[in-house]
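Here is the structure we will look at.
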Amino acid sequence: RRALADWHRQAVETAANVRPAPRMRQSGVATGSVFIFLGLAFLFSMNIAPHVPGFRKVYRLADRLEQGAETPVWTWQKEVPPAYVLTWGDLELDLKKVAAPNGFSAQKEVSWHDIQRNFAHPLVLRKNGAPLPLLSLDLQLEKSGSGQTWWFPNQSPDHIELVSAHDPTRSTQPEPGDKIFFHGNAKEIFLNRVEIKIRDIFEQYEPAIVVPGIDRTRPDFGFQIITRADKKTIVRTDTLCPEAKQILPLYKDPEKYDIRHIPGFATNRRLVGPGDMLFPEVPDIVLLERPAPHYFNLPDFRDFGDHYIHLKWGTLIADPQSTLIPIDTFKAQKMVAPDLLVGKDTLKIARFRVIFANPDKMPVAYVLTPEQFDMLREDRDELPPKSSVYFEKIVVEQAGQQYHFPFAFQFDIGTNQGFYRLEIAESSPDSAQTRTRTTDGLSFRNYPLSQLIRILTGNEYLVFDSDTDEPRLDAFFHSTTLPVKKGERRLLKKLRRQFDYPTEWRYENRQVWVLHPPVDSTSFYHADQTEDPTARLAQISETPQPAFPEITDVNDLAQQMEVRFGIIVQNETGMESLPPASLNWHNFDDLRRQIERVYGITMSREERPVRIFRVRKN
2 RRALADWHRQ AVETAANVRP APRMRQSGVA TGSVFIFLGL AFLFSMNIAP
52 HVPGFRKVYR LADRLEQGAE TPVWTWQKEV PPAYVLTWGD LELDLKKVAA
102 PNGFSAQKEV SWHDIQRNFA HPLVLRKNGA PLPLLSLDLQ LEKSGSGQTW
152 WFPNQSPDHI ELVSAHDPTR STQPEPGDKI FFHGNAKEIF LNRVEIKIRD
202 IFEQYEPAIV VPGIDRTRPD FGFQIITRAD KKTIVRTDTL CPEAKQILPL
252 YKDPEKYDIR HIPGFATNRR LVGPGDMLFP EVPDIVLLER PAPHYFNLPD
302 FRDFGDHYIH LKWGTLIADP QSTLIPIDTF KAQKMVAPDL LVGKDTLKIA
352 RFRVIFANPD KMPVAYVLTP EQFDMLREDR DELPPKSSVY FEKIVVEQAG
402 QQYHFPFAFQ FDIGTNQGFY RLEIAESSPD SAQTRTRTTD GLSFRNYPLS
452 QLIRILTGNE YLVFDSDTDE PRLDAFFHST TLPVKKGERR LLKKLRRQFD
502 YPTEWRYENR QVWVLHPPVD STSFYHADQT EDPTARLAQI SETPQPAFPE
552 ITDVNDLAQQ MEVRFGIIVQ NETGMESLPP ASLNWHNFDD LRRQIERVYG
602 ITMSREERPV RIFRVRKN
């Protein structure tokens with residue numbers, strides 16, 4: 002026994018032992034005791050021992066044997082699980098089990114060049130280094146800007162292709178910021194959302210905490226439950242309304258619940274928890290000079306309709322989240338109090354909570370009035386790149402009544418690299434509708450929201466089911482470093498967060514104009530170089546009136562036709578670029594003939610299912 006204990010101690014201390022374990026000669030009694038020991042082990046393993054009289058003493062005996070011999074009476078070592086690795090060229094993803102029974106996943110961020118370099122290589126699943134056949138493989142491509150998801154099923158692991166089997170003309174290539182997901186079956190295991198994110202060098206800072214979008218859902222609830230850690234639960238309601246009388250008996254315990262009576266209270270957020278609050282763990286430094294009612298006791302401000310809502314801090318704008326602000330631009334701002342605008346109207350701010358989220362130290366929060374804001378100059382100046390400033394719990398005054406503004410705003414500070422300007426504003430009623438696109442930017446003037454969504458997504462049709470006119474907006478993007486296509490995605494993301502309408506989508510049969518490819522390549526590539534396409538246009542109309550800039554892209558051509566003539570156009574040409582030509586947009590029939598004559602593209606009118614997003618309004 003001592004020899005066995007000594008051997009075991011050395012094995013533990015050195016994590017390895019080349020000496021074999023000492024052996025003992027066994028007599029007949031010893032051999033019989035082995036069978037007794039195995040019987041006891043069976044009872045222990047089946048958890049039967051506690052139910053057999055007298056076995057508590059056996060447990061105590063086992064403990065004493067372990068202590069006396071300094072070695073375990075019974076040991077069990079878990080088998081090392083196999084290592085599964087997914088390789089794609091020189092990319093390796095170590096798979097981890099994430100779901101029962103055998104679901105495995107992985108995440109990896111790579112450069113765009115890594116993706117392009119490995120597309121020609123097979124996708125190989127390995128178990129402990131040995132290849133494991135993939136019985137099925139599907140690919141999902143998530144576009145970063147539009148939020149669209151493209152499915153490419155039944156992929157061959159030997160050759161990955163982003164071409165739809167149902168529509169061979171649809172080919173979508175991954176771009177920076179996109180995500181690729183693999184789903185598959187290898188009999189032994191399942192690939193459960195293996196993610197590869199393509200790094201976007203322009204996304205320098207992604208804050209961990211992001212304020213919610215502007216929720217324009219109708220306030221249908223007459224009460225709100227606010228749960229707080231280690232504090233009473235707040236119940237905001239009009240205690241005299243019938244809905245409140247039905248629920249108040251559930252919250253009558255004064256030690257647990259604090260009921261706040263707010264006449265005419267209505268909200269679209271019935272439940273609010275710590276996860277819905279900004280930095281609830283950060284204590285507030287209250288700078289108010291006189292007591293003021295807590296926002297819990299105030300009604301929510303809802304008189305904003307479809308207007309554009311934003312917080313203006315000097316020249317900086319959050320709606321509700323700002324674009325990435327260069328650190329030099331942020332530091333150059335004057336220390337002025339923010340203004341809250343709903344459409345063209347500026348609301349009077351009585352007080353607010355501001356949080357400075359500095360990555361180098363703990364966040365700090367203040368509750369103060371706009372007149373006291375200059376006191377926080379030092380906190381602002383200490384912010385480094387990759388910081389954020391949050392404004393929430395804003396209390397506004399209107400007609401002598403105070404209201405809680407139910408939205409928060411966020412300003413994000415980045416480095417001085419990859420800067421771009423992106424602005425949205427409500428249009429003036431008398432301004433003309435124009436659209437321009439250059440190599441370093443684009444702008445839309447006096448465009449309805451539905452048309453902007455259609456142009457920026459390429460296939461989403463937004464319909465307002467309301468007598469109220471939809472918002473008409475001006476949108477602007479400019480950057481000397483960021484591609485215009487990236488600007489379109491950021492613009493779309495900002496629109497979706499600002500106008501977060503409740504929507505439902507379905508396919509509806511609509512009359513659609515379909516663009517068909519040329520019969521031969523001669524008409525498209527202009528094999529007869531002696532004929533100028535612009536000269537041919539002059540033969541169609543003596544007075545061309547180009548209301549839009551020159552078209553050099555088929556998708557852009559389809560979008561321009563939709564905007565100009567209020568129709569739905571689907572591009573099935575399989576083409577991308579077009580030769581430059583000035584078209585006469587004065588008449589639709591003339592335009593069709595020009596497109597066919599100049600580009601060889603024919604058009605037909607058909608009834609097809611179209612995905613329609615309907616906005617549910619009040």
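Each residue of the sequence shown is one higher than the one before, starting from 2 at the first, in this note's numbering.
Even for Gly, the Cβ is constructed at its ideal location relative to N, Cα and C.
> DSSP three-state call for Glu143: helix, strand or coil?
Replying inline: Three-state DSSP puts Glu143 in a strand.
> Using a Cβ-Cβ cut-off of 6 Å (strictly less than) and excluding sequence neighbours within five positions of Gly274, which residues of its own chain qualify?
Replying inline: Same-chain partners within the cutoff: Thr228.
>> Taking the beta strand (DSSP E) that Trp89 belongs to, which residues open and close that run?
In response: Segment Tyr85 to Trp89, the beta strand (DSSP E) holding Trp89.
>> Between which residues of its own chain and Ala17 is the CB-CB distance below 6 Å, once the five residues before and five after are set aside?
In response: Residue placement at Ala17 is flagged as unreliable, the pLDDT there being 45, under the threshold of 50; a coordinate-derived value is accordingly withheld.
>> Can you look up Asp231 in the DSSP assignment and give me helix, strand or coil?
In response: DSSP places Asp231 in the coil class of the three-state scheme, outside both helix and strand.
> Thr330 by DSSP, collapsed to three states: which one?
Replying inline: Reduced to three states, the DSSP call for Thr330 is helix.
> Just the Cα atoms here: how many angstroms apart are Val337 and Val236?
Replying inline: Approximately 35 Å between the Cα atoms of the pair.
> Between the C-alpha atoms of Trp514 and Gln434, what's the straight-line distance to the nearest angstrom?
Replying inline: Going from the Cα of Trp514 to the Cα of Gln434 covers about 23 Å.
> What's the call for Leu384, buried or exposed, on a 16-neighbour Cβ count within 10 Å?
Replying inline: By the beta-carbon neighbour count (other beta carbons within 10 angstroms, threshold 16), Leu384 is buried.
>> Can you tell me which residues form a DSSP beta bridge with Tyr391?
In response: Answer is Ile356 and Gln411.
> In whole angstroms, what separates the C-alpha of Gly265 from that of Ile569?
Replying inline: Looking at the two C-alpha atoms, the distance is approximately 44 Å.
> To the nearest angstrom, how far is it from the Cα of Pro82 to the Cα of Tyr296?
Replying inline: Roughly 55 Å between the two C-alpha positions.
> How close, in whole Å, do the beta carbons of Arg127 and Thr88 come, if the pair is a contact with beta carbons under 8 Å?
Replying inline: Between Thr88 and Arg127 the Cβ distance is about 7 Å, and since that is below 8 Å, they are a contact.
> Leaving out five residues before and five after Val344 in sequence, what residues of the same chain have Cβ atoms less than 7 Å from its Cβ?
Replying inline: It should be pointed out that residue 344 corresponds to Gly in this sequence rather than to Val. His308, Tyr309 and Glu427.
> Asp277 and Arg354: beta carbons closer than 8 Å?
Replying inline: Cβ atoms of Asp277 and Arg354: not closer than 8 Å.
>> Let me confirm a value: Ile210 is counted as buried when at least 16 other C-beta atoms fall within 10 Å, else exposed. Which label applies?
In response: Its Cβ having fewer than 16 others within 10 Å, Ile210 is exposed.
>> Checking 8 Å against the spacing of the C-beta atoms, do Gln473 and Leu463 come in under that value?
In response: The amino acid at residue 473 is misidentified as Gln; the sequence shows Arg. No, these two residues do not count as a Cβ contact at 8 Å.
>> On the CB-based measure, 16 or more other CB atoms within 10 Å of its CB, does Lys394 come out buried or exposed?
In response: Residue environment analysis places Lys394 among the buried positions, since at least 16 neighbouring C-beta atoms fall within 10 angstroms of its C-beta.
>> In this structure, how does DSSP classify Lys495 when only helix, strand and coil are distinguished?
In response: If DSSP states are grouped into helix, strand and coil, Lys495 belongs with the helices.
> For Arg606, does the three-state DSSP call read helix, strand or coil?
Replying inline: Strand.
> Between Ala230 and Tyr258, what straight-line distance do the alpha-carbon atoms span, to the nearest angstrom?
Replying inline: Cα-Cα distance, rounded: 13 Å.
> What is the DSSP secondary structure of Lys109, reduced to helix, strand or coil?
Replying inline: The DSSP-derived three-state label of Lys109 is strand.
>> Considering Cα atoms alone, identify which of Val111, Leu249 and Ala319 is closest to Pro213.
In response: Per the Cα distances, Ala319.
> Does DSSP put Phe478 in a helix, a strand or coil?
Replying inline: In the three-state DSSP reduction, Phe478 falls in the strand class (E or B).
>> For Leu241, would you say it is in contact with chain C, using Cβ-to-Cβ distances shorter than 8 Å as the test?
In response: The chain labelled as chain C is not found in the depicted structure, where only one protein chain is given.
>> Rounded to whole angstroms, what is the Cα-Cα separation between Ile602 and Val555?
In response: Near 10 Å, if we compare the C-alpha coordinates of Val555 and Ile602.
>> Whole angstroms are fine: how far does the CA of Gln571 sit from the CA of Pro610?
In response: Spanning the alpha carbons of Pro610 and Gln571 requires a straight line of approximately 11 Å.
> Gln399 to Arg303, Cα distance in whole Å?
Replying inline: Looking at the two C-alpha atoms, the distance is approximately 12 Å.
> In the DSSP assignment, what are the bridge partners of Asn269?
Replying inline: Its beta-bridge partners do not exist; DSSP assigns none.
> Does the Cβ of Tyr502 have 16 or more other Cβ atoms within 10 Å, making it buried, or fewer, making it exposed?
Replying inline: Classified as buried, Tyr502 has 16 or more neighbouring CB atoms from the shown chains inside 10 Å of its CB.
> What first and last residue would you give for the beta strand (DSSP E) that runs through Phe182?
Replying inline: It spans Lys180 to Asn186 - the beta strand (DSSP E) in which Phe182 sits, taken as one unbroken run.
> Can the beta-carbon of Phe500 be found closer than 8 Å to that of Glu424?
Replying inline: The criterion of a C-beta distance shorter than 8 Å is not satisfied by Phe500 and Glu424.
>> Quick check: what's the CA-CA separation for Leu136 versus Lys109?
In response: Whole-angstrom Cα-Cα distance: 23 Å.
> How is the beta strand (DSSP E) around Ile286 delimited, first residue to last?
Replying inline: Looking at the DSSP string, the run of the beta strand (DSSP E) that includes Ile286 is Asp285 to Val287.
> What number of angstroms, rounded off, separates the C-alpha of Leu325 from the C-alpha of Ser389?
Replying inline: Rounded to whole angstroms, Leu325 to Ser389 spans 10 Å at the Cα level.
> Excluding sequence positions up to five away, which residues of its chain have a Cβ less than 8 Å from the Cβ of Met376?
Replying inline: The residues are Leu288 and Leu369.
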